[in-house]
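Written out below as structure tokens is the structure these notes cover.
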Amino acid sequence: MADAPTQIPVTVLTGYLGAGKTTLLNRVLTENHGKKYAVIVNEFGEIGIDNDLVVGADEEVFEMNNGCICCTVRGDLIRIIGGLIKRKDKFDAILVETTGLADPAPVAQTFFTDDDVKKRTRLDSIVTVVDAKHVGLRLEDADEAEEQIAFADVILLNKTDLVSKEELARIEDRIKTINPFAKVHHTVRSNIALDKILDRGSFDLNRIIGLDPDFLEGGHDHHHHHHDHANPLHDEEIRSLSVMLDKPVDAAKFSDWISGLLMAEGQNILRSKGILNMDKSDQRYVFQAVHMVSEGSFTGPWPAKDKRKSRLVFIGRKLNEKSLREGFAACAA
Amino acid sequence: MAEKGEAAGKRRAKVVTRKYDAYVVAAHANGRLFGVGFGDGAVRLVDSENIDADPTTIAAHDGAVLSLAPDINPGFFLSGGDDGKVMRSGPPSVSELIAEEKGRWIDHVTAHAESGTRVYSVGKEATILGKKGTRKLKHPTAVGGLAINPKGKRLAVSHYNGVSLWWLGTEGSATVLEWKGSHLNLAWSPDGDYVISIMQENSLHGWRLSDNEHMRMTGYGAKVRSMAFTKRGHFLATGGADAIICWPFTGGGPMGRAPLEFGYAGGAPVTAVASNPKHDVLAAGFEDGTVLIGQPGPATPALIVMGENKAAVTAMAWNPDGDRLLAGCEDGTLHVADFRL
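The listed protein sequences correspond, in order, to chains Y and U.
Remember, this note's numbering sits 8 above the position in the first sequence when you count from 1.
Remember, this note's numbering sits 4 above the position in the second sequence when you count from 1.
Set out below in structure tokens:
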């Protein structure tokens, strides 16, 4: 009897040009961590460093479903992971480096889309390296920089030695406005204990909630008092919103509502995640989506001490708070 | 250790099952030998005349075999690996380096015996190793599949947003058959008029070259993974559903027609199909390890191997006489069935 195949955790490493991604990658490759990684990097020949395997990728993004731009995936990742899972010598984890200008969505969507990739791997977390000195400017002029923060589960706020304390607080505040749910670490030269970024299970909500009970409690109304330069948030900027429901949720109503919502607004909603108390189950239902591509499953019993309430968060542009709140409220059983 | 068993169902067969510790990536027959490529880099040769004999193991690659095809001479196989090597393996234990692309993966290989042509691909580039020399063909994105037409004159190369058709004998640019999306495995119909691609999104796309007609074949619940034309080209059999899907290619092709479905085996999707070279008979392997054979039509197919191991069938091949069948699984299980009873 063959066991169900184990799912290899995948960490996606993003960050704008010069943020310190390569430094971090080199640390993973050279540090004596006793694990075997397959590292998928851009335009790089396949070479083994110690125990690890480095594979070059081409970042080939294509549109599924005859050109739906919300269903873009990385074909090269499907191909490479398809090859890696055939190897006899297995890996403890896979690390995917993206280029500085990459939108993280196609990478994340790949892990929701392809049957083989879904069966053999799981997206562990998206780690974004942010250059504390230059991120302010980047956020003004590059959508990708903002999206990389929005998609992150873990953020390395790097080069903190190059900015003042006040500046750092302001930057962190700006990051929290975009994505209050990511764990932020302050680093210099990408120096961080690797267990803070690898095999975290960050994409898995259960784990995050276990670590930080306030996760998902954070909201759009995060204070902005450090914004001393007059630049009010406008609709094109990414922000986050969380909605809550004390009553149990009707599974069919929720499914209809969320699929309709993501169909209509999936281009603006970058990520959504939630934990739901479905009316006919004792299990926690965990939902997550990247743009229009979503998945949900019952993941285990509610911890006894937990209040069984349903929480859903959205990160995106042009979020209509009233309609999201009302829509979710209408899913009550 | 080999295990022998008697197959269930109507058709009697002797089945020998072996287990290896590596993923079965691809399998083909060439002459009396079956060649099987594994995730441990080995190409194993199985003698169809003596299925009890231990297969010959040839350590062809340092990493995993990524693709395998029958080579030019009977009994020989061409393989591409993630060690950047294109290898030729054959009896008694020949292992010969054909080409090498250091630090790259050889994603696909194919060969055509009569024209003496070998082709392999690395990323966006396909390389033809022909009688007249070596030719490198560039494509806009990574190559998803390679197939030489039955006459050995044209090479089809799939990539994003279409398929490029190259003439093997003459220099010149490709004719591009366009269709949006990611195109993977390719097949030519036996008459050479149709080119079919398996797409990433649970569908097939086809082109009829004589009149540039397009055809979309959709409705699959899973990845199609595998396809094969029946012997005379009447049907294109595919995986991707809980029964074998057979698209009719007689009387004007599959456009606007429903496919024939047969060979349901409990609900698991078909992951590999192989067409018998002598008769209009198909073999199908399922995600739950079941293997069955049958004729396209409503008759119940004969179940020949019940996959006790429950691992997905990843590769299948018939011998040229069509009376022996090999099936390999992702957990390294290898069945060989002999129907000469």
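For each residue, glycine too, the CB sits at the ideal point set by N, CA and C.
Keep in mind that this is a model prediction, so the values were computed, not measured.
- Query: Along the stretch 33-51 of chain U, what residues have a CB closer than 7 angstroms to any CB found in chain Y?
  - Reply: G43 and D44
- Entirely enclosed beta strand (DSSP E) segments - the stretch 176-227 of chain U, minimum 3 residues: 179-192, 198-203, 207-212 and 217-221
- Message: Tell me whether the stretch 107-115 of chain U and the stretch 80-90 of chain U touch, counting them as touching only if at least three CB pairs, one residue from each stretch, are closer than 8 angstroms.
- Response: yes
- Return helix, strand or coil for P252/U, following the three-state DSSP convention. Here P252/U sits in strand by DSSP.
- Taking only beta-carbon atoms, is M72/Y less than 8 angstroms away from chain U? yes
- Item | Partners in chain U for E68/Y, counting only beta-carbon separations shorter than 8 angstroms | T145, A146 and Y164
- Using 10 angstroms around the beta-carbon of E182/U, count the other beta-carbons present and answer buried if the total reaches 16, otherwise exposed. exposed
- Message: The beta strand (DSSP E) that contains G144/Y, what's its start and end?
- Response: Careful: G144/Y lies outside any beta strand (DSSP E), inside the alpha helix (DSSP H) at V143 to D149.
- Message: Mapping the DSSP letters down to three states, classify D207/Y as helix, strand or coil.
- Response: coil
- Candidates R178/Y, C79/Y and V138/Y: closest to A113/Y by CA position: Looking from the CA of A113/Y, the closest CA among R178/Y, C79/Y and V138/Y belongs to C79/Y.
- Strand pairing of K191/Y, partner residues [DSSP]: According to DSSP, which records beta bridges pairwise, K191/Y is partnered with V162/Y.
- Ordered along the chain, which non-local residues of its own chain (more than five positions away) have a Cβ less than 6 angstroms from that of R75/U? As written in the sequence, residue 75/U is Asp, which differs from the Arg given in the question. Closer than 6 angstroms at Cβ, skipping near neighbours: F81, L82, R92 and A115.
- Message: Distance check for T275/U and A287/U, CA to CA, integer angstroms please.
- Response: 11 angstroms
- Task: Ignoring anything shorter than 3 residues or poking outside the stretch 273-333 of chain U, list the beta strand (DSSP E) runs there in chain order.
- Result: Contiguous beta strand (DSSP E) elements confined to the stretch 273-333 of chain U occur at 274-279, 286-290, 295-298, 306-309, 317-322 and 328-333, taking only those with 3 or more residues.
- Helix, strand or coil for V140/U, going by three-state DSSP, please let me know. It should be noted that the sequence gives Lys, not Val, for residue 140/U. The answer is strand: DSSP assigns K140/U an E or B state.
- Which stretch, first to last residue, makes up the beta strand (DSSP E) that contains K23/U? First-last of the beta strand (DSSP E) with K23/U: K18 to K23.
- Item | Simplified DSSP assignment, three categories, for M385/U | There is simply no residue 385/U to check, as chain U begins at 5 and stops at 345 in what is shown.
- Is the Cβ-Cβ distance between I179/Y and T136/Y less than 8 angstroms? no
- Task: At 8 angstroms on the CB atoms, spell out the chain Y contacts of L70/U, in chain order.
- Result: Per Cβ cutoff of 8 angstroms: G91 and K94.
- Item | Those residues which DSSP pairs with L70/U across a bridge | Beta-bridge pairing links L70/U to no other residue.
- Would you identify the three-state DSSP class for R48/U, choosing helix, strand or coil? strand
- Output, in chain order, the set of chain Y residues within a Cβ distance shorter than 9 angstroms of D66/U. Within chain Y, no residue comes near D66/U; the closest Cβ sits about 10 angstroms away, beyond 9 angstroms.
- Item | Local conformation of P17/Y per DSSP, three classes | Shown here, P17/Y sits in a strand according to DSSP, grouped into three states.
- Message: Taking the straight line between their C-alpha atoms, what separation do you get for A278/U and D342/U?
- Response: Rounded to whole angstroms, A278/U to D342/U spans 15 angstroms at the Cα level.
- Task: Kindly identify the DSSP beta-bridge partner or partners of F199/Y.
- Result: What sits at residue 199/Y in the sequence shown is Asn, not Phe. In DSSP, N199/Y forms no bridge with anything.
- Residues near E67/Y by beta carbon distance below 8 angstroms, same chain, minus five either side: N50, R82, D84, T106, T107 and A110
- Task: Put E129/U into one of helix, strand or coil per three-state DSSP.
- Result: strand
- Beta-carbon separation (whole angstroms), R229/U vs G244/U, contact threshold 8 angstroms: 7 angstroms
- Query: My guess is that L147/Y and E154/Y are in contact by the Cβ rule of under 8 angstroms, so how many angstroms apart are they, rounded?
  - Reply: Confirmed, about 6 angstroms.
- Message: Give me the DSSP bridge partner(s) of R158/U.
- Response: In the DSSP assignment, R158/U forms a beta bridge with W171/U.
- Item | Contact set for Y24/Y: own chain, Cβ-Cβ below 6 angstroms, skip 5 residues either direction | G108, R146 and A153
- Task: With 8 angstroms as the threshold, decide whether the Cβ of G308/Y is near any Cβ in chain U.
- Result: no
- Cutoff 7 angstroms; reference P17/Y; Cβ partners in own chain excluding five residues on either side: A101, R130, D132 and D207
- Per-residue burial, F306/Y [other beta carbons within 10 Å of its own, 16 or more giving buried]: By the neighbour-count rule (16 or more Cβ atoms within 10 Å), F306/Y is not buried but exposed.
- Message: Please classify W171/U as buried or exposed, where buried requires at least 16 neighbouring CB atoms within 10 angstroms.
- Response: Exposed is the call here.
- Could you give the distance in angstroms between the alpha-carbon of R292/Y and the alpha-carbon of G308/Y? 6 angstroms
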